[in-house]
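In my numbering, the protein residues as written are 40 to 145.
Encoded structure:
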């Protein structure tokens with residue numbers, strides 16, 4: 040029991056509290072700023088983010104395209120979206136492209 044008390048008395052509590060405070064601040068910053076959150080591209084008050092889920096699919100699979108649009112300006116806007124996509128088959132080993140087909144969605 041004396042060894043435990045001796046060990047506790049030797050701990051620098053100001054250092055432990057500082058480390059815990061820094062860790063808590065880092066966790067709060069990560070939760071608040073969310074580095075994994077979608078990154079919007081903004082122009083004239085309109086912010087757009089688009090991404091596909093999943094980003095990689097098998098040859099027989101498919102994915103979904105998500106588009107997030109935010110109006111940060113004061114005026115009402117009518118937005119036309121022109122979507123373009125291309126089907127490209129990449130081989131990871133050589134990082135080369137073999138088949139390419141472009142599709143335009145309107």
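Here a beta-carbon is modelled for each residue, glycine too, at the ideal position from N, C-alpha and C.
Predicted model only: the values in this text are computed from it and were never measured.
Alpha-carbon to alpha-carbon, residue j and residue i
{"i": "residue 67", "j": "residue 60", "result": "11 Å"}
{"i": "residue 48", "j": "residue 42", "result": "10 Å"}
{"i": "residue 45", "j": "residue 69", "result": "37 Å"}
{"i": "residue 103", "j": "residue 117", "result": "24 Å"}
{"i": "residue 72", "j": "residue 121", "result": "31 Å"}
Which listed residue (the options) has its alpha carbon closest to that of residue i
{"i": "residue 119", "options": "113, 106 and 111", "result": "106"}
{"i": "residue 81", "options": "110, 121 and 123", "result": "110"}
{"i": "residue 90", "options": "64, 52, 70 and 123", "result": "123"}
{"i": "residue 115", "options": "84, 55 and 72", "result": "84"}
Three-way DSSP call (helix, strand, coil) for residue i in this model
{"i": "residue 56", "result": "helix"}
{"i": "residue 42", "result": "helix"}
{"i": "residue 48", "result": "helix"}
{"i": "residue 70", "result": "helix"}
{"i": "residue 122", "result": "strand"}
Residue range of the unbroken alpha helix (DSSP H) whose run includes residue i
{"i": "residue 104", "result": "Segment 103-110 is the beta strand (DSSP E) holding residue 104; no alpha helix (DSSP H) there."}
Residue span of the beta strand (DSSP E) that contains residue i, given as start and end
{"i": "residue 92", "result": "85-92"}
{"i": "residue 80", "result": "80-82"}
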